[in-house]
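Working notes, structure below.
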Amino acid sequence: GKDAQSVSRQYSLKITKLEQESEQAKMELAETQKWLQELDSKELKDIPEKAKLQKEFRKKMDAAKLKVQRQATELEQNVAQMKHQQTQLQKRLYEESEKKKQLEAEIQQDQQQIKVGFFLFLYDK
Numbered sequence: 001g002k003d004a005q006s007v008s009r010q011y012s013l014k015i016t017k018l019e020q021e022s023e024q025a026k027m028e029l030a031e032t033q034k035w036l037q038e039l040d041s042k043e044l045k046d047i048p049e050k051a052k053l054q055k056e057f058r059k060k061m062d063a064a065k066l067k068v069q070r071q072a073t074e075l076e077q078n079v080a081q082m083k084h085q086q087t088q089l090q091k092r093l094y095e096e097s098e099k100k101k102q103l104e105a106e107i108q109q110d111q112q113q114i115k116v117g118f119f120l121f122l123y124d125k
């Protein structure tokens, strides 16, 4: 119970953090794309300067895209890992509940034997 809650809380925090980073990367990407469009529309007299700026922004854009892709992959992996852990916890819960049923049945059987033994003891007197 507490293990599952702890794991769930950890993943929730991690996913929230990744979602925030992903949003930030998307904003950076949009900003860079806007700059590139503005740059393309400007009539820069200095062609080498324009080319240099375009190259710089494209590099930034590629880095931002890569970051977003990496975070999406990490989110998918975390979700898969959470599903796996949930399955494991459910399996363990089922096994423990079966074990509990078995122990309760054994206790009941032992109590029955104790009663029978007690009555036989009384009967022998």
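Per UniProt numbering, the very first residue in the sequence shown carries number 1; after that it's consecutive. Where a beta carbon is used, it is the ideal one built from N, C-alpha and C, also for glycine. None of the values given here were measured: they were computed from a predicted structure.
Can you list, in chain order, the residues of its chain whose CB lies under 7 Å from that of residue i, leaving out five sequence neighbours each side?
{"i": "Trp35", "result": "Phe57"}
Measure the alpha-carbon distance for residue i versus residue j and round it to whole angstroms.
{"i": "Lys65", "j": "Leu39", "result": "20 Å"}
{"i": "Asp110", "j": "Thr73", "result": "55 Å"}
{"i": "Gln77", "j": "Lys50", "result": "40 Å"}
{"i": "Gln81", "j": "Glu23", "result": "22 Å"}
{"i": "Phe118", "j": "Glu106", "result": "18 Å"}
{"i": "Leu75", "j": "Gln20", "result": "12 Å"}
{"i": "Lys91", "j": "Ser97", "result": "10 Å"}
{"i": "Lys14", "j": "Gln71", "result": "11 Å"}
{"i": "Ile114", "j": "Glu95", "result": "28 Å"}
Establish whether the CB of residue i and some CB of chain B are separated by less than 9 Å.
{"i": "Leu122", "result": "Looking at the structure shown, chain B is missing, and only one protein chain is on hand."}
According to DSSP, is residue i helix, strand or coil?
{"i": "Asp110", "result": "helix"}
{"i": "Lys46", "result": "Residue identity differs from the one stated: residue 46 is Asp in this sequence, not Lys. Asp46 falls in the coil class under three-state DSSP."}
Grab me the residues of residue i's own chain with a C-beta within less than 8 Å of its C-beta, minus the 5 sequence neighbours each way, in chain order.
{"i": "Leu29", "result": "Met61, Ala64, Lys65 and Val68"}
{"i": "Lys42", "result": "Lys50"}
Once the 5 residues before and after residue i are set aside, which same chain residues still bring their CB inside 6 Å of it?
{"i": "Leu103", "result": "none"}
{"i": "Leu120", "result": "none"}
{"i": "residue 128", "result": "Nothing about residue 128 can be read from this structure; the chain reaches only from 1 to 125."}
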